[in-house]
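Taken in order, these protein sequences are the chains called L and A.
For the first sequence, our numbering gives the first residue as 71, with consecutive numbering after it.
For the second sequence, our numbering gives the first residue as 886, with consecutive numbering after it.
Each residue gets a CB set at the ideal place from its N, CA and C atoms; glycine is no exception.
Here the structure is a predicted model, which means the values were calculated and not measured.
Shown next, in structure tokens, is the structure this report addresses.
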Amino acid sequence: MRYHTPTSFEDAAAIAAGASGKTRFLAGGTDVLVQMRAGMTTPDDLIDLKHIPGVADIVKLPDGGWRIGVAVSGIELGRHAALVADWPGVVEGMQLVGSTQVQGRATLAGNLCNGSPAADSVPGMIAAGAMVTVTGPKGSREIAVEDIPVGPGKTALQPGEIVSAITLPARGTHAGDAYLRFIPRTEMDIAVVGAAVSLRLEGDKIVEARVALGAVAPVVMLVEAAAKAIIGTTLDDAALEALAAAATAAAKPISDKRGTVEFRKDVVGVLARRAARIAYDRAKGAAK
Amino acid sequence: MSKIHVTSTVNGDPVEFLADPRESLLDCLRDHLELTGSKEGCGTGDCGACSVQMDGVLVCSCLVLGVEAQGKKIDTIEGMAVGTDLHPLQRKFIEHAALQCGFCTPGILVAAKALLDEQPDPTEEQVRYWLAGNLCRCTGYDKIIRAVMDAAAEMRGAN
């Protein structure tokens, strides 16, 4: 295994594009090292992205959005008060990944590119309307987060392409987001179901919403029908019921050791409802 | 497979070693630097027995490559006592009998120290969540939590 420490994403992409064997990119390593250890993958070329300037930075953009480097850990996200104030749902999703130790290393970009349908940070990013910059041999392009995963463990990235940054849009006013997951324990587990909601209010009425569901399909899903169920409402009981029904209808889960189809379809409605309630309260400026 | 020369600072001392790029930091600490206090329980970041601090951040050293330690500051269990003076956490673990086989203990001590460094007055709930990534298969966790709370109280009193 060759270990590379490029100092630009262009160089990293060029190394990957020129490699003949198996290539892996290394950011936090909390998935890659586990896969190497388990013998699931032995890269011929391991490309460490942490020597690239800016990868550990969280930058406020002129339009009010945020650019998050691919090596920013969960702990660093959680310590960034201004980012947490803007996007609490995104940050709380990331902070559910693994233990304190894993939080010291794990990244949004890695959680996304690992391609798990149960990835806890991904529904929040999709609900937020986050974009990723993908850099490859032919240059860079912007892709919506929901277009990155294409199946369990599979992404839309082509050989030689890397996620080089994550961009959260400007939060603006009267808006909030939230992520909830169900696990049978309190900590250190993989989502059985996850749900994220981001919304914006005018007065008491929801004027924008995005709903993303995790672990109930081969990829994390953006569910427009669920968003439509609450847009134009004040999130009254009827709207919450419609939201839950839309989430349940959209879910296409499997039964496995962590949950059955019936359980997941039911719980995804419950979590969507609760997450919407929290996002609504946050948009209203309530503490939680 | 060519090895890579790595220099870093471990427990305040400059060190250098030759790492196969596939080797974890844990492998390098144990096999090249003979610091065998950090343990390998699972090797996949689930058990926390290999916990160390890297540039002040608590990590599983099994989930860090040795070559990533280049230029980094690593703190392990071996650096916790000052000479023969045990750290208050170490003393309290003995007083409370917060260990049985002891395999998980170095990782828990390192993790608990990282918590108290940034939160000197944690609630029991905060301690339990913080240590959720440190598994003990012998004693249960109650004595461990009590030892950490007691050490925290003593350290607050001492400051």
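{"Asked": "Taking buried to mean at least 16 other C-beta atoms within 10 Å of its own C-beta, is L:Lys-358 buried or exposed?", "Found": "With a pLDDT of 42 at L:Lys-358, under the threshold of 50, the modelled position of that residue is not reliable, and the figure given next carries that caveat. With fewer than 16 Cβ atoms within 10 Å of its Cβ, L:Lys-358 is classed as exposed."}
{"Asked": "Alpha carbon to alpha carbon, what distance is there between L:Phe-79 and L:Ala-312?", "Found": "44 Å"}
{"Asked": "Which residues in chain L have a C-beta closer than 9 Å to the C-beta of A:Thr-929? List them in chain order.", "Found": "Leu-103, Val-104, Arg-107, Ala-108"}
{"Asked": "Taking all protein chains shown into account, decide if A:Asp-960 is buried (16 or more other Cβ within 10 angstroms of its Cβ) or exposed.", "Found": "buried"}
{"Asked": "Could you give the residue range of the beta strand (DSSP E) that holds L:Ile-232?", "Found": "232-238"}
{"Asked": "Using a Cβ-Cβ cut-off of less than 7 Å, give me the residues of the region 244-258 of chain L that come near chain A, in sequence order.", "Found": "Glu-257, Met-258"}
{"Asked": "Confirm, please, whether the CB-CB distance from A:His-981 to A:Lys-998 is below 8 Å.", "Found": "no"}
{"Asked": "Among L:Gly-223, L:Ile-276, L:Lys-335, which residue has its Cα nearest to the Cα of L:Gln-105?", "Found": "L:Gly-223"}
{"Asked": "I need the straight-line Cα distance from L:Ala-82 to A:Glu-901, nearest angstrom please.", "Found": "27 Å"}
{"Asked": "Shorter than 8 Å from the beta carbon of L:Asp-118 to some beta carbon of chain A?", "Found": "yes"}
{"Asked": "Got a sec? Which residues, its chain only, sit under 8 Å from L:Val-142 by beta carbon, not counting five neighbours each side?", "Found": "Val-125, Ala-126, Asp-127, Ile-128, Thr-177, Leu-178"}
{"Asked": "Pick out whichever of L:Gly-148, L:Ala-152, L:Ser-186 has its Cα sitting closest to the Cα of L:Ala-170.", "Found": "At residue 170 of chain L the sequence reads Thr, which differs from the Ala that was named. The option with the nearest alpha carbon to L:Thr-170 is L:Gly-148."}
{"Asked": "Can you give me the Cβ contacts of A:Gly-922 inside the same chain, cut-off strictly under 7 Å, excluding the 5 residues immediately before and after it?", "Found": "Thr-961, Ile-962, Glu-963, Pro-991"}
{"Asked": "When you compare the CB positions of A:Asn-1019 and A:Ala-996, do they come within less than 8 Å of one another, or not?", "Found": "yes"}
{"Asked": "Between L:Lys-358 and chain A, is the shortest Cβ-Cβ distance under 8 Å, so that the two count as touching?", "Found": "Note on L:Lys-358: pLDDT 42, under 50, position unreliable in the model; no value is reported."}
{"Asked": "Run through DSSP, which three-state label would L:Arg-328 get?", "Found": "coil"}
{"Asked": "Beta-carbon separation of A:Leu-950 and A:Pro-906 under 8 Å?", "Found": "yes"}
{"Asked": "Count the CB pairs spanning the region 328-346 of chain L and the region 932-941 of chain A that are closer than 8 Å, and state whether there are at least three.", "Found": "no"}
{"Asked": "For A:Val-967, which residues does DSSP report across the bridge?", "Found": "A:Asp-970"}
{"Asked": "So what's A:Val-942 in DSSP terms, helix, strand or just coil?", "Found": "strand"}
{"Asked": "Against L:Ile-232, what residues of chain A qualify as contacts under a CB-to-CB distance less than 7 Å, listed in chain order?", "Found": "Those do not exist, as L:Ile-232 stays about 18 Å from chain A at its closest Cβ, beyond 7 Å."}
{"Asked": "Is there contact between the region 930-937 of chain A and the region 152-166 of chain L, where contact requires at least three CB pairs shorter than 8 Å?", "Found": "no"}
{"Asked": "May I ask you to report which of helix, strand or coil DSSP gives L:Gly-148?", "Found": "helix"}
{"Asked": "Does the beta carbon of L:Gln-165 sit closer than 8 Å to a beta carbon anywhere in chain A?", "Found": "no"}
{"Asked": "Name, please, each residue of chain L whose Cβ falls closer than 9 Å to the Cβ of A:Tyr-1014.", "Found": "Thr-170, Thr-256, Glu-257"}
{"Asked": "Note down, in chain order, every chain L residue with its Cβ under 8 Å from the Cβ of A:Gly-1025.", "Found": "What A:Gly-1025 touches in chain L: nothing, since even the nearest Cβ is about 16 Å away."}
{"Asked": "What residue from L:Pro-288, L:Pro-113, L:Val-290, L:Ala-316 has the CA that sits closest to L:Ala-299's CA?", "Found": "L:Ala-316"}
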